[in-house]
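Notes to accompany the following structure.
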Amino acid sequence: MKTNAAIATALITAGLGIGTGSTVANAASWHNGTPSALRGKWKTKTYHNRFVSGYSRTYITKHSIHTQTHTIGGSSDNMPPIIEHAKYRYLGNHLYTFKGTMYGGNIKTTCLVKWKSHHHIVINPKWGHNPSENYYRY
Numbered sequence: 003m004k005t006n007a008a009i010a011t012a013l014i015t016a017g018l019g020i021g022t023g024s025t026v027a028n029a030a031s032w033h034n035g036t037p038s039a040l041r042g043k044w045k046t047k048t049y050h051n052r053f054v055s056g057y058s059r060t061y062i063t064k065h066s067i068h069t070q071t072h073t074i075g076g077s078s079d080n081m082p083p084i085i086e087h088a089k090y091r092y093l094g095n096h097l098y099t100f101k102g103t104m105y106g107g108n109i110k111t112t113c114l115v116k117w118k119s120h121h122h123i124v125i126n127p128k129w130g131h132n133p134s135e136n137y138y139r140y
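Each residue of the sequence shown is one higher than the last, beginning at 3 in the numbering used here.
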C-alpha cells in the first residue's frame, strides 16, 4: 500500500512539473522611453573660468533627453534635445545606454548615463570631444 501511494505521489508530481514552463527575461533588449529612476530635472555644478560662469541643465522625460546651457549674467541657450524618441538598454552596474534621434529625426545619436545615486548621475554624450558631466537632481 505504501508503494502504491509513493508511486501515485511521484506520478502526480511529475505530471504537475510537465505543465509548468519558465519565462526568460531578456535584460539586454532595447526598451522604449527612459527609465523612471532617471526622469526629472538635473543640473551641473556652476563652473567658473576666466571669461564666463554658468551651468547646464538636463531634463529627462518619458521619451527624450533635453539640455539647456545657462551663462550667469547672460541668457539661457536652449539646445535641441540630445535624444528624441529614446530607447535604452541596461548594461549593468547602474549604467544605461540610450539611442535615438536629434535635430528632428535627421541624425541618429547615442549617449551613456551612469546612475550614481538618487541625486547624482553622469552623462557621457559619446559624440565629438564632449567629456562626461556630473549632474545633480534639483
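Just so you know, even glycine gets a beta-carbon here, dropped at the ideal spot from N, CA and C. Being a predicted model, the structure only gives us computed values, none of them experimental.
**Message:** Between which residues of its own chain and S55 is the CB-CB distance below 8 angstroms, once the five residues before and five after are set aside?
**Reply:** T48, Y49, T73, I74, G75
**Request:** Only counting runs of 3 or more residues, tell me where the beta strand (DSSP E) segments fall wholly within the region 23 to 71, in order along the chain.
**Result:** 42 to 45, 55 to 62
**Asked** Beta carbon of T154, beta carbon of Y137: below 8 angstroms?
**Response** Any question about residue 154 goes unanswered here, given that the chain covers just 3 to 140.
**Prompt:** Do you know how far the Cα of N34 is from the Cα of M104?
**Reply:** 16 angstroms
**Request:** Would you kindly work out how many angstroms separate the C-alpha atoms of Y98 and R41, rounded to a whole number?
**Result:** 13 angstroms
**Prompt:** Which word fits G102, buried or exposed, when buried means at least 16 other C-beta atoms lie within 10 angstroms of its C-beta?
**Reply:** buried
**Request:** Could you check the C-alpha separation between V115 and G106 for me, to the nearest Å?
**Result:** 22 angstroms
**Asked** Around the C-beta of D127, are 16 or more other C-beta atoms found within 10 angstroms, so that it is buried, or is it exposed?
**Response** Reading off the sequence shown, one finds Pro at residue 127, where the question assumed Asp. Flag for P127 reads buried.
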